Structure formats: structure tokens, C-alpha cells
Amino acid sequence: MTSFPKGAWRRAGAVLLAFWLLVGYALPNTIWQNVSAALLIRRAVVEAHPLTTLIVTGALFAAIWISFMRDARSDAWAQTVWLLLIVWASGYLFDPPGRGYSGVEVMRCALVLAMAGCGLLCARVLKPGEVMALVVLLAGMQAGFALYYYFTGRNLFYTYQIGRAGGTFGTPVHVYTQMLMAIPMGMALWRVRRERVARVILPLALALQLLALWVTYTRSAWFAMSVVLPCVIWALWRNCRLAIVTGVIMWIALAGMYTLRIAGSPQYRDTTAQARVDVWRMGWQTFTQNWLWGVGTDNVRLYYTSTWRGYPVSTWYGAPENQLLLWLCERGIWGGLFGVFLIVSLYRRLREMSPHLRWGLGGALLAMGILGMFQSVFGRIEEGVETVLVNAIWGAMVRREATHDE
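For the sequence shown, my numbering puts the final residue at 1327, and the numbers step up evenly by one.
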């Protein structure tokens, strides 16, 4: 295994800048609102003609994809998935309710394509190990901000009496998704890197990320990490005892988190879990009534009729809180087939990868997949960070280098 090639960190800086510009516009937060990122994107994209923007972003995505496939492993499955991403993003242009469009949906489709292209660009200019290092760096920075804001009482997102860390985003969602993707990657890098600096920084970053994940008080995210982290430890270190001890500690912490959430809710009831079951039920009903073509992206909320905490459910949930069910509702049966196709293609590719990449990149996707059982995790404009990173991970997996130790 060799060290990172000369100039890799310069390229990582360029990709980090792309993240900053894109996420700074798509998901406004307290830091990036005060700098020029949102202004630059608004001038370049929002004030442009919607159809022109869509054509330009589609062309850029196609150019990145063609260039990427020259250096990626020749895999028909991978190429098909990337082509399907264009269809997937075009869900914003599908309008079964006949509401009509004013250009907003075209712009949202263009931005999703831009996010997918940004993630693919990461995998184009960086090797798989470098992609993992970049994600760990981004999550480490976010963990530091999240903990600082949490302990100073800033940017908290309150669920009843529980103040949850919102990081620079002001919401825990994008904090815990970054931690879920970064922790398995950090563990994999810690296992293979031998540099003294890496052996010091990586454990510190992992500790900060786990603590940041905890203070989001998100049970589904902690549950996902309680499954993935022991598996990563066992697979990379072959230490069954350590994996079991880690799992036990994580599950005890999960029980403590659940107790805190119940204690902070009115009448000591798990109202959010009750609402999620109701949302799943309505989501399934929406799919069965629109099973062929679905209802179109972002139209699911129009079919929600129940109330929770005195508000329409659609006010609180814009999706059926399950990634596969979301695709079924929005795109019908072919959306579900796309989800199954994606899972099979990922599994096929993971079997061919070197162990530390399999459990770094694959562990991140597994954690997101478990989280996806309880919420939508990527693919919409609201999930900009997650969409970029998931595409970067998938792109890194189909690189030729993913099957060889770096």
C-alpha cells in the first residue's frame, strides 16, 4: 500500500470547494449563509432560464459520467445505474395530479443532477481511499461544529423537551447521516493507514463523530450504527470479543437514548414512532392506489390526510419515512424495481472489492440502508448532502482501484 499520490490533497480541496458551493445553496445553514456560496449559485442557476439550466446540468452530468467511465471498471451494471440516475432525477418533471409547473420542478431536477454529478466528480478525481478520507474530513469538521453548538446551546432542534444537535445545518438530519457514512470509513482507514499522523487523528475523529451522533438523539441512526460498527470491527480486526463488547455498549446506549426521548415526550409516550407507523400506512395506501406510475416526486404529501400533534401529517413529513416505500409512491412499481436493482448491483460489486474498502464504503451504504428503513435518505433536493456523498461512494466503488489495495 502506497501513500496518497502527489497533488491528491489539492484535488481534494477542489472537490471540497464544490461541496461547499453546492451544499451552501441547497441546504442553507448558519456558516454558508454569511459567505458568497448561496449568492454565486443563485446568480448562476436560479436566475437562469429553467429549461436552459436543466440542459446545461444534464450535459455536465453526461460529460462527467463519460469521462468517469473511461477510468472506472467496465461494468454494465454500474453504467446502467448511472443512466437510471437521470431517470430518477427526472421524477421532478412527472406531474400526474396535473398541477402544472412554473419552472420550480425543472430547477429542482437540475439541482439533483448537479448533486449527482458533484458526487461522481469526487470519484472521478479521487481514488476510493481518498474519497473515504474526504468524507471523514467533512464529517469530522461537522462533528466539531455540532458539538460546539450543542454545548453552547446554539442551533438546537427541539423534539419536545430534548434539544438535539443541529450542527451548522440547524437540523440533526444532515449531522447524523454524515456521521453514519464517515464512521465505517474512518474505521477502515484506521485499520490500513500506518502514518503516525493518521494513527492519531483518525481515532480522535471517530470519537468526535460518535459523540456527535449521540447528541442528535436519533434512535434510528444509532440503531444503524449499533449494527454496522460491530460488523466492521469483526470483519477488519477479526476480534469477535471486541465486536461483541462494542455491540453490547452500543445497544445499552440505544436503550438509554430511547429512555431519554420517552422521558422528554408528553405523557411519556413515543409519539414520533406512532406517527411514523401512520405515515407508513398512508404511504402504502398511496402506492397501492397509484402502483403503475406513482404520484411523482414531492407529490406524496398531497395524498396524506391524517393529523398528528394537531397538524396535517404532510406538514411534518414530506415522504413516507422509508426509502423504498418513497420510490414506490413517487415512481410506482418501476421505482421499486430500481431500488432492488441498485441493491443487487451494490452487492455484486462489494463481493469483488478489497476488504477495507468493502467495509469502509460498503459499511457506509449499509448504515444508510438501515436508516432508510425509517426515513428517506437521499435523492431529493432536501437531501443534498446525502445525495452528493452516496453518489461519491457508489462512484468510488466502481473504480478499478477498488479491487486492489491502494
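All residues carry an ideal CB built from backbone N, CA and C; glycine is no exception. As the structure is a prediction and not an experimental result, all values here were calculated from the model.
Item	Value
Alpha carbon to alpha carbon, what distance is there between V1309 and M1178?	29 Å
Could you name the residues of the same chain whose beta carbon sits closer than 8 Å to that of V1027, not counting the 5 residues immediately before and after it, in chain order?	P971, L972, T974, L975, Y1013 and L1014
Assign L1223 to one of three DSSP states: helix, strand, or coil.	helix
In chain order, which continuous runs of the beta strand (DSSP E) of length 3 or greater are located wholly inside the segment 1153-1190?	none
Pick helix, strand or coil for Y1079, following the three-state DSSP scheme.	strand
Tell me whether R1197 sits in a helix, a strand or coil according to DSSP, three-state version.	helix
Let me check one thing: in DSSP terms, what residues is A1119 bridge-paired to?	According to DSSP, A1119 bridges with nothing at all.
Quick check on C1161: buried or exposed, where buried means 16 or more other Cβ atoms within 10 Å of its Cβ?	exposed
Checking the sheet assignment: what are the DSSP bridge partners for G1084?	Y1079
Suppose you measure from the CA of A1031 to the CA of A980; what does that come to, to the nearest Å?	10 Å
Going by alpha carbons, who is nearest to R1085 out of V1149, A1133 and L1213?	A1133
Measuring straight from C-alpha to C-alpha, what distance separates V1153 and Q1130?	16 Å
Are the beta-carbon atoms belonging to M1108 and A1064 less than 9 Å from one another?	no
Report the rounded CA-to-CA distance for F1259 versus V1118, giving the unit in angstroms.	42 Å
Between A1035, L1047, R1202 and Y1097, which has its C-alpha nearest M1062's C-alpha?	Y1097
Tell me the DSSP secondary structure of R1029 in three-state form.	helix
With distances taken Cα to Cα, identify the nearest neighbour of G1253 among G1204, R1114 and F1144.	G1204
DSSP three-state call for R1320: helix, strand or coil?	strand
Okay, do the segment 1169-1177 and the segment 1207-1222 touch, 3+ Cβ pairs below 8 Å being the bar?	no
Can you tell me which of L1150, S1266, G1293 and P1093 puts its alpha carbon nearest to the alpha carbon of W1201?	G1293
Looking only at its chain, what residues have a beta carbon closer than 8 Å to the beta carbon of R1112, apart from the 5 residues adjacent to it on each side?	L1157, W1158 and H1277
Thinking just about the alpha-carbon of each residue, which of A1103, L1042 and A1142 is nearest to the one in L1059?	A1103
Measuring alpha carbon to alpha carbon, tell me which residue in G1283, I1302 and E1303 is nearest A1313.	G1283
Pick helix, strand or coil for V1298, following the three-state DSSP scheme.	coil
So R1115 packs on L1123, CB below 8 Å; how close in whole Å?	The pair is not a contact, with the Cβ atoms about 11 Å apart (cut-off 8 Å).
Please state whether DSSP places R1270 in a helix, a strand or coil.	helix
Could you check whether G1091 and F901 sit closer than 9 Å to each other, using their CB atoms as the reference points?	Only positions 922 to 1327 of the chain appear in this structure, which leaves residue 901 out of reach.
Note the first and the last residue of the continuous alpha helix (DSSP H) segment covering R1112.	V1094 to V1113
Within 10 Å of its beta-carbon, does V1335 have 16 or more other beta-carbons around it, so buried, or fewer, so exposed?	Since the displayed the chain opens at 922 and closes at 1327, residue 1335 lies outside it and no answer follows.
Nearest-angstrom Cα distance between T1137 and V1298?	16 Å
For the alpha helix (DSSP H) containing P1241, list its first residue and its last residue.	Neither: P1241 is in no alpha helix (DSSP H) and is coded neither H nor E.
Go through its chain and collect everything with a Cβ distance to L1042's Cβ below 6 Å, but skip five positions before and after it.	I985
Please state whether the Cβ-Cβ distance between F1295 and E1251 is less than 9 Å.	no
Does the Cβ-Cβ distance between G1316 and F982 come in under 9 Å?	no
Figure out for me which residue from A1184, P1093 and A1164 has the closest Cα to the Cα of Y1081.	A1184
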